[in-house]
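See structure below.
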Amino acid sequence: MAGELLLRLAEERASGAVLCDAGTVFLRDGAVVHAESPAAPGVEALLIGGGLLPADRWQEAIDAAGARNGVARHLVDSGRVGAPVLEMLHLSAVYDAAYFALAAGSTARRFRAGVAHWLGPVCPVTAPSLLRESARRAELLASLWPHPQLDQVPVVRRDPPRPPMIGRRQRTVLDAADGKRTPSVIARLLARPAFHTLLDVRRLAAAGLIATPRPRPP
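Note that the sequence shown covers residues 35 to 252 in the working numbering.
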């Protein structure tokens with residue numbers, strides 16, 4: 035399993051990239067320095083989509099420091115992004131991507147020793163803490179509405195005769211549900227972490243405002 039390999043590599047203080055079914059986790063001297071997944075918006079999506087950094091400034095940082103794996107340091111040193119903001123968004127993106135990359139049943143396809151991410155180190159975390167947080171998130175989703183099939187299919191709205199009151203954040207998710215967008219697409223559209231969007235989708239489904247599809251046959 036991906037989690038078991040990650041722990042072993044962390045104990046060995048390995049550096050490189052763990053390629054999993056749904057993402058990649060990057061290690062440096064055994065610490066997790068980054069994670070990415072097609073299912074989760076990256077740091078750039080949170081920065082640009084959140085209005086914290088213009089797209090051309092992000093590309094400028096990539097051009098200036100991407101080849102030496104120093105994009106994060108360039109953003110801070112150039113004053114484009116404050117260190118506390120970058121650290122907060124980076125941690126959010128890492129835990130978000132790791133949830134998908136290290137999901138239950140995920141396998142590690144291979145380990146590429148020595149491979150580093152172009153963003154560079156920002157706020158490293160330990161492998162055990164990353165796995166604990168991923169497990170906690172899975173348990174939280176299950177406690178809200180135990181239908182994981184909702185996480186990967188287009189979000190379909192329902193219109194009950196007496197809809198319950200919902201908060202502003204959930205309203206924006208519901209407004210983005212057009213029957214074609216998956217939770218991951220909605221997360222990118224709203225420049226929010228994918229896991230937060232999954233939480234809202236599960237809560238909306240539990241409230242009867244989103245249709246819960248039947249589980250796929252095994």
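Beta carbons: idealized from backbone N, C-alpha and C, even for Gly.
These figures come from a predicted structure and were not determined experimentally.
- Query: Nearest to glutamate 3 by alpha carbon, out of Arg248, Leu53 and Leu61?
  - Reply: As displayed, the chain neither begins before 35 nor continues past 252, which places residue 3 out of reach and without an answer.
- Query: Which word fits proline 180, buried or exposed, when buried means at least 16 other C-beta atoms lie within 10 angstroms of its C-beta?
  - Reply: exposed
- Task: My understanding is that valine 67 touches proline 158, with C-beta atoms under 8 Å, so please give their C-beta distance in whole angstroms.
- Result: 5 Å
- Query: Are alanine 73 and alanine 56 closer than 8 Å when you measure CB to CB?
  - Reply: yes
- Query: Is the CB-CB distance between alanine 142 and alanine 36 below 8 Å?
  - Reply: yes
- Query: Where does the unbroken beta strand (DSSP E) through threonine 277 begin, and where does it stop?
  - Reply: The question about residue 277 has no answer, for the chain in this structure spans 35 to 252.
- Report, in whole angstroms, the separation of the C-beta atoms of valine 115 and leucine 81, which I expect to be a contact under 8 Å. 7 Å
- Query: Looking only at DSSP bridge pairs, what is isoleucine 244 linked to?
  - Reply: Arg191
- Message: My parser needs the beta strand (DSSP E) runs of 3 or more residues fully inside the region 102-186; what are they?
- Response: 142-147
- Item | leucine 243 vs arginine 192 beta-carbon contact at 8 Å | yes
- Task: Counting only the same chain and skipping the five closest in sequence on each side, list residues whose C-beta sits under 6 Å from that of alanine 99.
- Result: Val105 and His108
- Message: Does the structure place the region 200-213 close enough to the region 221-231 that three or more beta carbon pairs sit under 8 Å?
- Response: yes
- Looking only at C-alpha atoms, which of Ala169, Gln93, Ile96 and Arg250 sits nearest to tyrosine 129? Ala169
- Nearest residue (CA-CA) to leucine 53, options Glu121, Ala132 and Val190: Ala132
- Can you tell which of Ala176, Arg196 and Arg250 has its C-alpha closest to the C-alpha of valine 235? Ala176
- Rounded to whole angstroms, what's the CA-CA distance from arginine 42 to leucine 136? Just pull it up for me. 14 Å
- Query: Under three-state DSSP, which class holds leucine 53?
  - Reply: strand
- Message: Just verifying my parser: in three-state terms, what is the DSSP assignment at alanine 99?
- Response: helix
- Going by the beta-carbon positions, is the gap between glutamine 186 and threonine 216 smaller than 8 Å? yes
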